[in-house]
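Reading through the C-alpha coordinates given below for one structure.
Residue numbers (full-length UniProt numbering): 1 to 403.
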(Lines of atoms letter the chains of each structure in order from A and count residues from 1; the text may use other names and numbers.)
(Lines give C-alpha, C1' and ligand atoms only; values in the text may rest on other atoms or scores of the structure.)
Protein backbone atom coordinates (compact mmCIF):
# COMPACT_ATOMS: atom_id res chain seq x y z
CA UNK A 1 0.00 0.00 0.00
CA UNK A 2 1.46 3.34 -1.04
CA UNK A 3 0.29 6.57 0.55
CA UNK A 4 1.11 10.24 0.36
CA UNK A 5 -0.92 12.20 2.81
CA UNK A 6 -1.64 15.69 1.58
CA UNK A 7 0.01 18.41 3.65
CA UNK A 8 -1.12 21.98 3.98
CA UNK A 9 1.44 24.71 4.47
CA UNK A 10 1.11 28.25 5.68
CA UNK A 11 3.15 31.25 4.59
CA UNK A 12 5.59 32.95 6.97
CA UNK A 13 4.13 36.00 8.57
CA UNK A 14 5.86 39.36 8.24
CA UNK A 15 5.96 41.37 11.48
CA UNK A 16 4.12 44.68 11.46
CA UNK A 17 6.33 47.76 11.69
CA UNK A 18 6.08 49.73 14.89
CA UNK A 19 4.68 53.21 14.59
CA UNK A 20 6.52 55.64 16.81
CA UNK A 21 5.18 58.91 18.09
CA UNK A 22 7.23 61.58 19.77
CA UNK A 23 6.13 63.91 22.51
CA UNK A 24 6.05 67.59 21.81
CA UNK A 25 8.29 69.72 24.02
CA UNK A 26 6.69 70.15 27.40
CA UNK A 27 4.13 67.36 26.89
CA UNK A 28 4.10 63.74 28.15
CA UNK A 29 5.04 61.07 25.60
CA UNK A 30 2.06 59.49 23.93
CA UNK A 31 1.76 55.68 23.53
CA UNK A 32 2.07 54.29 20.00
CA UNK A 33 -1.23 53.35 18.40
CA UNK A 34 -1.49 49.57 18.06
CA UNK A 35 -1.20 48.16 14.56
CA UNK A 36 -4.38 46.67 13.07
CA UNK A 37 -5.13 43.01 13.69
CA UNK A 38 -4.66 40.72 10.70
CA UNK A 39 -6.30 37.34 10.18
CA UNK A 40 -4.42 34.82 8.01
CA UNK A 41 -6.07 31.57 6.87
CA UNK A 42 -3.71 28.94 5.45
CA UNK A 43 -1.24 31.64 4.42
CA UNK A 44 -3.80 34.00 2.89
CA UNK A 45 -4.81 37.20 4.67
CA UNK A 46 -8.58 37.59 4.95
CA UNK A 47 -10.04 40.90 3.85
CA UNK A 48 -12.31 41.71 6.78
CA UNK A 49 -15.24 44.03 6.12
CA UNK A 50 -15.05 45.25 9.72
CA UNK A 51 -11.76 45.69 11.56
CA UNK A 52 -11.16 42.98 14.20
CA UNK A 53 -11.19 44.11 17.82
CA UNK A 54 -9.83 42.80 21.11
CA UNK A 55 -12.05 42.57 24.17
CA UNK A 56 -11.14 40.74 27.39
CA UNK A 57 -8.06 39.24 25.68
CA UNK A 58 -10.26 37.78 22.93
CA UNK A 59 -10.05 38.70 19.25
CA UNK A 60 -13.45 39.23 17.65
CA UNK A 61 -14.09 39.36 13.88
CA UNK A 62 -17.08 40.01 11.63
CA UNK A 63 -18.95 36.71 11.50
CA UNK A 64 -20.03 36.46 7.86
CA UNK A 65 -16.58 36.96 6.33
CA UNK A 66 -15.03 34.40 8.68
CA UNK A 67 -17.72 31.75 8.27
CA UNK A 68 -17.72 32.03 4.49
CA UNK A 69 -13.91 31.80 4.36
CA UNK A 70 -14.15 28.56 6.36
CA UNK A 71 -16.67 27.09 3.92
CA UNK A 72 -19.82 27.53 5.98
CA UNK A 73 -23.30 28.27 4.70
CA UNK A 74 -24.30 31.30 6.73
CA UNK A 75 -27.69 32.12 8.17
CA UNK A 76 -28.63 35.21 10.17
CA UNK A 77 -31.97 36.13 11.72
CA UNK A 78 -32.03 39.91 12.15
CA UNK A 79 -35.00 39.73 14.53
CA UNK A 80 -33.54 37.22 16.99
CA UNK A 81 -29.88 38.12 16.25
CA UNK A 82 -29.17 34.41 15.79
CA UNK A 83 -26.18 33.30 13.68
CA UNK A 84 -25.89 29.85 12.11
CA UNK A 85 -22.85 28.56 10.25
CA UNK A 86 -23.15 25.11 8.70
CA UNK A 87 -20.67 22.93 6.81
CA UNK A 88 -20.68 19.22 5.94
CA UNK A 89 -19.27 18.31 9.36
CA UNK A 90 -19.94 21.24 11.70
CA UNK A 91 -22.88 23.42 12.71
CA UNK A 92 -22.22 26.47 14.89
CA UNK A 93 -25.13 28.40 16.37
CA UNK A 94 -24.66 31.67 18.29
CA UNK A 95 -26.95 34.48 19.45
CA UNK A 96 -26.07 38.07 20.15
CA UNK A 97 -26.40 38.98 23.83
CA UNK A 98 -26.43 35.39 25.10
CA UNK A 99 -23.95 32.59 25.80
CA UNK A 100 -26.35 30.09 24.25
CA UNK A 101 -23.70 28.84 21.81
CA UNK A 102 -24.01 25.36 20.29
CA UNK A 103 -21.61 23.28 18.22
CA UNK A 104 -23.29 20.35 16.49
CA UNK A 105 -26.20 20.77 18.88
CA UNK A 106 -24.07 20.63 22.04
CA UNK A 107 -23.64 23.52 24.45
CA UNK A 108 -20.14 24.94 24.77
CA UNK A 109 -18.17 25.39 27.95
CA UNK A 110 -17.49 28.94 29.06
CA UNK A 111 -19.13 32.25 28.23
CA UNK A 112 -18.85 32.13 24.44
CA UNK A 113 -20.95 34.80 22.77
CA UNK A 114 -20.95 37.26 19.85
CA UNK A 115 -20.66 41.01 20.41
CA UNK A 116 -21.98 44.08 18.61
CA UNK A 117 -19.56 46.81 17.48
CA UNK A 118 -20.88 49.86 15.63
CA UNK A 119 -23.87 47.94 14.30
CA UNK A 120 -21.87 44.88 13.18
CA UNK A 121 -21.95 41.43 14.77
CA UNK A 122 -18.55 39.97 15.65
CA UNK A 123 -17.68 36.48 16.89
CA UNK A 124 -14.72 35.13 18.92
CA UNK A 125 -12.13 34.09 16.34
CA UNK A 126 -10.27 31.43 18.31
CA UNK A 127 -13.50 29.70 19.31
CA UNK A 128 -14.84 29.50 15.75
CA UNK A 129 -11.46 28.44 14.37
CA UNK A 130 -10.94 25.63 16.87
CA UNK A 131 -14.58 24.49 16.58
CA UNK A 132 -13.88 24.19 12.85
CA UNK A 133 -10.88 21.95 13.52
CA UNK A 134 -8.18 24.54 12.78
CA UNK A 135 -4.99 25.31 14.67
CA UNK A 136 -5.15 28.92 15.89
CA UNK A 137 -2.13 30.99 16.95
CA UNK A 138 -1.84 34.64 18.04
CA UNK A 139 1.34 36.66 17.65
CA UNK A 140 1.10 39.44 20.19
CA UNK A 141 4.02 41.35 18.67
CA UNK A 142 2.74 41.43 15.08
CA UNK A 143 -0.95 41.28 16.08
CA UNK A 144 -1.55 38.51 13.57
CA UNK A 145 -3.96 35.62 14.13
CA UNK A 146 -3.02 32.61 12.04
CA UNK A 147 -5.46 29.79 11.28
CA UNK A 148 -4.06 26.63 9.73
CA UNK A 149 -5.47 23.29 8.76
CA UNK A 150 -3.76 20.74 11.00
CA UNK A 151 -1.28 18.25 9.62
CA UNK A 152 -1.00 14.75 11.17
CA UNK A 153 1.89 14.13 13.49
CA UNK A 154 4.09 11.11 12.80
CA UNK A 155 2.10 9.18 15.40
CA UNK A 156 -1.24 10.16 13.85
CA UNK A 157 0.06 9.38 10.36
CA UNK A 158 1.15 5.91 11.52
CA UNK A 159 -2.24 5.26 13.16
CA UNK A 160 -4.18 6.22 10.03
CA UNK A 161 -1.90 4.11 7.85
CA UNK A 162 -2.40 1.16 10.19
CA UNK A 163 -6.21 1.38 9.86
CA UNK A 164 -5.94 1.28 6.06
CA UNK A 165 -3.47 -1.62 6.18
CA UNK A 166 -5.84 -3.64 8.37
CA UNK A 167 -8.79 -2.80 6.11
CA UNK A 168 -6.80 -3.88 3.06
CA UNK A 169 -5.89 -7.20 4.70
CA UNK A 170 -9.41 -7.88 5.98
CA UNK A 171 -10.90 -7.09 2.57
CA UNK A 172 -8.60 -9.58 0.88
CA UNK A 173 -8.94 -12.37 3.42
CA UNK A 174 -12.70 -11.92 3.93
CA UNK A 175 -12.00 -12.07 7.66
CA UNK A 176 -15.43 -10.96 8.87
CA UNK A 177 -14.69 -10.33 12.54
CA UNK A 178 -11.54 -8.38 11.81
CA UNK A 179 -13.31 -6.34 9.14
CA UNK A 180 -16.18 -5.32 11.43
CA UNK A 181 -13.78 -4.51 14.27
CA UNK A 182 -12.34 -1.69 12.17
CA UNK A 183 -15.65 0.21 12.24
CA UNK A 184 -16.68 2.55 15.06
CA UNK A 185 -19.59 1.45 17.22
CA UNK A 186 -21.57 4.54 16.14
CA UNK A 187 -20.98 4.00 12.42
CA UNK A 188 -24.33 4.17 10.58
CA UNK A 189 -23.03 1.43 8.27
CA UNK A 190 -22.20 -1.14 10.93
CA UNK A 191 -25.59 -2.89 11.15
CA UNK A 192 -25.87 -3.30 7.37
CA UNK A 193 -22.29 -4.55 7.15
CA UNK A 194 -22.97 -7.20 9.79
CA UNK A 195 -26.07 -8.36 7.91
CA UNK A 196 -24.21 -8.49 4.60
CA UNK A 197 -21.31 -10.48 6.03
CA UNK A 198 -23.61 -12.91 7.83
CA UNK A 199 -25.46 -13.54 4.56
CA UNK A 200 -22.23 -13.97 2.58
CA UNK A 201 -21.62 -17.41 1.12
CA UNK A 202 -18.49 -19.14 2.41
CA UNK A 203 -17.98 -20.37 -1.15
CA UNK A 204 -17.76 -16.84 -2.58
CA UNK A 205 -14.92 -16.13 -5.00
CA UNK A 206 -11.65 -15.47 -3.19
CA UNK A 207 -10.22 -12.05 -3.99
CA UNK A 208 -7.23 -9.85 -3.23
CA UNK A 209 -7.57 -6.10 -2.60
CA UNK A 210 -4.72 -3.60 -2.87
CA UNK A 211 -4.93 0.04 -1.75
CA UNK A 212 -3.06 2.72 -3.65
CA UNK A 213 -2.91 6.51 -4.10
CA UNK A 214 -4.02 7.46 -0.60
CA UNK A 215 -4.76 11.15 -0.15
CA UNK A 216 -5.73 13.05 2.98
CA UNK A 217 -8.74 15.19 2.12
CA UNK A 218 -9.41 16.64 5.58
CA UNK A 219 -7.98 16.35 9.09
CA UNK A 220 -8.86 18.01 12.40
CA UNK A 221 -7.20 15.87 15.13
CA UNK A 222 -10.46 13.99 15.76
CA UNK A 223 -11.52 13.09 12.22
CA UNK A 224 -9.61 12.23 9.05
CA UNK A 225 -11.15 11.92 5.59
CA UNK A 226 -9.11 9.84 3.15
CA UNK A 227 -9.39 9.14 -0.56
CA UNK A 228 -8.21 5.64 -1.51
CA UNK A 229 -8.02 3.74 -4.78
CA UNK A 230 -8.74 0.03 -4.29
CA UNK A 231 -8.02 -2.63 -6.90
CA UNK A 232 -9.68 -6.02 -6.41
CA UNK A 233 -8.68 -9.10 -8.41
CA UNK A 234 -9.33 -12.81 -7.95
CA UNK A 235 -6.93 -14.67 -5.70
CA UNK A 236 -4.20 -16.80 -7.26
CA UNK A 237 -5.53 -20.30 -7.84
CA UNK A 238 -9.17 -19.17 -8.08
CA UNK A 239 -10.53 -20.69 -11.30
CA UNK A 240 -13.95 -19.07 -11.40
CA UNK A 241 -14.58 -15.92 -13.42
CA UNK A 242 -14.08 -12.58 -11.69
CA UNK A 243 -13.95 -9.18 -13.34
CA UNK A 244 -11.18 -6.93 -11.99
CA UNK A 245 -12.68 -3.99 -10.12
CA UNK A 246 -11.19 -0.56 -9.36
CA UNK A 247 -12.98 1.47 -6.70
CA UNK A 248 -12.46 5.06 -5.60
CA UNK A 249 -13.23 5.16 -1.89
CA UNK A 250 -13.78 7.97 0.58
CA UNK A 251 -13.10 6.75 4.11
CA UNK A 252 -13.91 8.81 7.20
CA UNK A 253 -11.95 7.74 10.29
CA UNK A 254 -12.72 9.03 13.81
CA UNK A 255 -10.53 9.15 16.91
CA UNK A 256 -12.04 7.01 19.67
CA UNK A 257 -12.05 7.61 23.42
CA UNK A 258 -9.35 4.93 23.88
CA UNK A 259 -7.02 6.72 21.44
CA UNK A 260 -7.58 4.33 18.54
CA UNK A 261 -8.87 5.34 15.10
CA UNK A 262 -11.90 3.57 13.61
CA UNK A 263 -13.88 3.89 10.41
CA UNK A 264 -17.09 5.90 10.68
CA UNK A 265 -18.04 5.87 7.00
CA UNK A 266 -16.80 4.14 3.86
CA UNK A 267 -18.27 5.33 0.56
CA UNK A 268 -17.65 4.00 -2.95
CA UNK A 269 -17.55 7.11 -5.12
CA UNK A 270 -16.81 5.41 -8.44
CA UNK A 271 -16.21 1.93 -9.83
CA UNK A 272 -14.66 0.88 -13.11
CA UNK A 273 -14.02 -2.55 -14.62
CA UNK A 274 -10.92 -2.15 -16.80
CA UNK A 275 -11.17 -5.59 -18.45
CA UNK A 276 -14.90 -5.52 -19.20
CA UNK A 277 -14.83 -4.52 -22.87
CA UNK A 278 -12.57 -7.44 -23.79
CA UNK A 279 -14.22 -9.94 -21.46
CA UNK A 280 -17.71 -9.49 -22.92
CA UNK A 281 -16.52 -10.48 -26.41
CA UNK A 282 -16.29 -14.15 -25.40
CA UNK A 283 -18.94 -16.52 -26.78
CA UNK A 284 -18.86 -19.81 -24.86
CA UNK A 285 -21.09 -22.78 -25.62
CA UNK A 286 -24.27 -22.68 -23.51
CA UNK A 287 -26.76 -25.56 -23.30
CA UNK A 288 -29.98 -24.61 -25.10
CA UNK A 289 -32.20 -25.13 -22.06
CA UNK A 290 -30.04 -22.98 -19.80
CA UNK A 291 -29.67 -20.31 -22.47
CA UNK A 292 -33.43 -20.11 -22.89
CA UNK A 293 -33.96 -19.87 -19.13
CA UNK A 294 -31.29 -17.15 -18.73
CA UNK A 295 -32.73 -15.05 -21.55
CA UNK A 296 -36.23 -15.54 -20.13
CA UNK A 297 -35.12 -13.90 -16.86
CA UNK A 298 -33.92 -10.84 -18.77
CA UNK A 299 -37.19 -10.71 -20.72
CA UNK A 300 -39.20 -10.92 -17.48
CA UNK A 301 -37.00 -8.22 -15.99
CA UNK A 302 -37.54 -5.69 -18.78
CA UNK A 303 -41.27 -6.54 -18.98
CA UNK A 304 -41.68 -5.80 -15.25
CA UNK A 305 -39.90 -2.46 -15.76
CA UNK A 306 -42.25 -1.50 -18.58
CA UNK A 307 -45.32 -2.76 -16.69
CA UNK A 308 -44.14 -0.74 -13.65
CA UNK A 309 -44.63 -3.84 -11.52
CA UNK A 310 -42.21 -3.66 -8.59
CA UNK A 311 -43.18 -7.10 -7.22
CA UNK A 312 -42.65 -8.83 -10.57
CA UNK A 313 -39.34 -7.01 -10.97
CA UNK A 314 -38.16 -8.16 -7.54
CA UNK A 315 -39.08 -11.74 -8.50
CA UNK A 316 -36.34 -11.72 -11.15
CA UNK A 317 -33.65 -11.13 -8.50
CA UNK A 318 -32.16 -13.29 -5.77
CA UNK A 319 -33.15 -11.25 -2.69
CA UNK A 320 -33.69 -12.03 0.97
CA UNK A 321 -36.80 -10.72 2.73
CA UNK A 322 -35.26 -7.45 3.91
CA UNK A 323 -33.63 -6.76 0.55
CA UNK A 324 -36.90 -7.45 -1.26
CA UNK A 325 -38.81 -4.98 0.92
CA UNK A 326 -36.29 -2.21 0.26
CA UNK A 327 -36.16 -3.08 -3.45
CA UNK A 328 -39.94 -3.00 -3.91
CA UNK A 329 -40.28 0.27 -1.96
CA UNK A 330 -37.58 1.90 -4.10
CA UNK A 331 -39.13 0.87 -7.41
CA UNK A 332 -42.66 1.80 -6.36
CA UNK A 333 -41.37 5.29 -5.73
CA UNK A 334 -39.39 5.25 -8.99
CA UNK A 335 -42.43 4.19 -11.02
CA UNK A 336 -44.53 6.88 -9.33
CA UNK A 337 -42.03 9.55 -10.34
CA UNK A 338 -41.07 8.36 -13.84
CA UNK A 339 -42.89 6.91 -16.83
CA UNK A 340 -39.90 5.57 -18.76
CA UNK A 341 -39.76 2.69 -21.22
CA UNK A 342 -36.97 0.09 -21.33
CA UNK A 343 -35.46 -2.26 -23.90
CA UNK A 344 -32.42 -4.55 -24.07
CA UNK A 345 -30.13 -5.30 -26.98
CA UNK A 346 -26.62 -6.66 -27.70
CA UNK A 347 -27.30 -9.45 -25.20
CA UNK A 348 -24.41 -11.90 -24.86
CA UNK A 349 -23.76 -14.68 -22.35
CA UNK A 350 -19.99 -14.23 -22.30
CA UNK A 351 -19.15 -16.59 -19.39
CA UNK A 352 -20.99 -19.81 -18.62
CA UNK A 353 -20.05 -21.91 -15.60
CA UNK A 354 -22.04 -24.59 -13.86
CA UNK A 355 -25.04 -22.81 -12.38
CA UNK A 356 -23.66 -19.34 -13.14
CA UNK A 357 -23.84 -17.13 -16.25
CA UNK A 358 -22.38 -13.67 -16.79
CA UNK A 359 -24.42 -11.67 -19.26
CA UNK A 360 -23.56 -8.43 -21.03
CA UNK A 361 -26.26 -6.22 -22.56
CA UNK A 362 -27.20 -2.64 -23.38
CA UNK A 363 -30.27 -1.21 -21.67
CA UNK A 364 -32.08 1.70 -23.33
CA UNK A 365 -34.16 3.89 -21.05
CA UNK A 366 -36.40 6.41 -22.80
CA UNK A 367 -38.00 9.13 -20.69
CA UNK A 368 -39.85 12.35 -21.40
CA UNK A 369 -36.68 14.40 -21.32
CA UNK A 370 -33.82 12.00 -21.92
CA UNK A 371 -32.67 8.75 -23.51
CA UNK A 372 -30.01 6.76 -21.67
CA UNK A 373 -27.94 3.90 -23.06
CA UNK A 374 -26.30 1.84 -20.31
CA UNK A 375 -23.96 -1.14 -20.56
CA UNK A 376 -24.64 -3.64 -17.76
CA UNK A 377 -23.20 -6.97 -16.74
CA UNK A 378 -25.56 -9.23 -14.81
CA UNK A 379 -24.58 -12.38 -12.98
CA UNK A 380 -27.50 -14.81 -13.28
CA UNK A 381 -27.37 -17.84 -11.00
CA UNK A 382 -29.31 -21.08 -10.76
CA UNK A 383 -30.95 -21.47 -7.34
CA UNK A 384 -31.34 -24.70 -5.38
CA UNK A 385 -34.84 -25.18 -6.83
CA UNK A 386 -33.52 -24.83 -10.39
CA UNK A 387 -34.72 -21.26 -11.00
CA UNK A 388 -32.38 -18.77 -12.66
CA UNK A 389 -32.25 -15.39 -10.83
CA UNK A 390 -30.25 -12.16 -11.14
CA UNK A 391 -27.62 -11.53 -8.47
CA UNK A 392 -28.33 -8.00 -7.11
CA UNK A 393 -24.61 -7.15 -7.40
CA UNK A 394 -25.12 -5.58 -10.81
CA UNK A 395 -22.11 -4.12 -12.65
CA UNK A 396 -22.57 -0.84 -14.51
CA UNK A 397 -19.85 -0.66 -17.15
CA UNK A 398 -20.74 2.61 -18.88
CA UNK A 399 -23.65 4.95 -19.45
CA UNK A 400 -24.37 7.81 -21.81
CA UNK A 401 -27.21 10.18 -22.47
CA UNK A 402 -28.34 10.15 -26.09
CA UNK A 403 -30.08 12.94 -27.95
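A virtual CB, placed ideally from N, CA and C, is assigned to each residue, including glycine.
Buried or exposed by the 16-neighbour rule on C-beta atoms within 10 Å, applied to residue 61
Residue numbering aside, residue 61 sits at position 61 when the chain shown is read from its first letter. Burial call: buried.
CA-CA distance, residue 118 and residue 52?
Counting from 1 along the chain shown, the entry for residue 118 is found at position 118. Counting from 1 along the chain shown, the entry for residue 52 is found at position 52. Approximately 12 Å, taken between the alpha carbons.
Count the other C-beta atoms from every protein chain shown that fall within 10 angstroms of the C-beta of residue 198, then say buried if there are 16 or more, exposed otherwise.
Here residue 198 refers to the residue found at position 198 of the chain shown. When all chains shown are included, residue 198 counts as exposed.
Bridge partners of residue 52, per DSSP?
As a first step, residue 52 must be located in the chain shown, where it is residue number 52. DSSP output for residue 52 lists no bridge partner at all.
Answer yes if the segment 372-379 comes into contact with the segment 306-317, meaning at least three C-beta pairs across the two stretches below 8 Å, and no otherwise.
no
Among 244, 238 and 250, the one whose alpha carbon lies nearest that of residue 228
Here residue 228 refers to the residue found at position 228 of the chain shown. Among 244, 238 and 250, the Cα nearest to that of residue 228 is on 250.
Can you check the segment 140-201 for any alpha helix (DSSP H) of at least 4 residues that lies completely inside it and give the ranges in chain order?
154-173, 176-181 and 190-199
Where does residue 325 sit, in a helix, a strand or coil, going by DSSP?
The residue you call residue 325 lines up with position 325 of the chain shown. Three-state DSSP puts residue 325 in a helix.
Could you check whether residue 122 and residue 50 sit closer than 8 Å to each other, using their CB atoms as the reference points?
Counting from one through the chain shown, the residue named residue 50 turns up at place 50. Counting from one through the chain shown, the residue named residue 122 turns up at place 122. Yes, they are a contact pair.
With a CB to CB cut of under 6 Å and the five nearest residues on each side skipped, what residues in its chain are close to residue 272?
By 1-based counting over the chain shown, the position of residue 272 is 272. So the list reads 246, once near-sequence residues are dropped.
Helix, strand or coil for residue 108? Go by DSSP, reduced to three states.
Counting from one through the chain shown, the residue named residue 108 turns up at place 108. The answer is coil: DSSP assigns residue 108 none of H, G, I, E or B.
Residue nearest to residue 224 in terms of C-alpha spacing, selected from 356, 302, 255 and 326:
For the purposes of this step, residue 224 is taken as residue 224 along the chain shown, with counting starting at 1. When each option's Cα is compared against that of residue 224, the closest is 255.
Cα separation between residue 120 and residue 136?
Along the chain shown, read from residue 1 onward, the residue named residue 120 stands at position 120. Along the chain shown, read from residue 1 onward, the residue named residue 136 stands at position 136. In a straight line, the C-alpha of residue 120 is about 23 Å away from that of residue 136.
In three-state terms, what does DSSP make of residue 91?
Numbered from 1 along the chain shown, position 91 holds the residue referred to as residue 91. The answer is strand: DSSP assigns residue 91 an E or B state.
Relative to the C-alpha of residue 203, which candidate in 342, 190 and 174 has its C-alpha closest?
Working through the chain shown from its first residue, we reach residue 203 at position 203. Closest option to residue 203, Cα to Cα, is 174.
Helix, strand or coil at residue 241 according to DSSP, with G and I counted as helix:
The residue labelled residue 241 in the question sits at position 241 within the chain shown. Of the three classes helix, strand and coil, the one that applies to residue 241 here is coil, per DSSP.
Chain-order list of residues whose beta-carbon lies under 8 Å from that of residue 222 (same chain, five-residue window excluded)
Here residue 222 is taken as the residue at index 222 of the chain shown, counted from 1. Counting only Cβ-Cβ distances below 8 Å, and skipping sequence neighbours, we find 133, 254 and 255.
Applying the 10 Å Cβ sphere with the 16-neighbour rule, what's the burial state of residue 165?
Walking along the chain shown from the start, residue 165 turns up at place 165. Exposed, since its Cβ has fewer than 16 Cβ neighbours within 10 Å.
Going by DSSP in three states, residue 275 sits in which element: helix, strand or coil?
One-based indexing of the chain shown puts residue 275 at position 275. Residue state, collapsed to three classes: coil.
Below 8 Å between beta carbons: does that hold for residue 263 and residue 181?
Residue 263 sits at position 263 when you count from the first residue of the chain shown. Residue 181 sits at position 181 when you count from the first residue of the chain shown. For residue 263 and residue 181, no; Cβs fall outside 8 Å.
Taking the alpha carbon of residue 163 as the point to measure from, which residue in 130, 236, 259 and 238 has its own alpha carbon closest?
If you number the chain shown from 1, residue 163 lands on position 163. Nearest C-alpha to residue 163: 259.
Identify whether residue 404 lies in helix, strand or coil by the three-state DSSP scheme.
It is not possible to answer for residue 404, since the shown part of the chain is limited to 1 through 403.
Suppose contacts are defined by Cβ-Cβ distances below 8 Å. Is residue 310 in contact with residue 342 by that definition?
Looking up residue 310 in the chain shown gives position 310. Looking up residue 342 in the chain shown gives position 342. No.
Return the first residue and the last residue of the beta strand (DSSP E) that residue 210 is part of.
The residue labelled residue 210 in the question sits at position 210 within the chain shown. It spans 207-219 - the beta strand (DSSP E) in which residue 210 sits, taken as one unbroken run.
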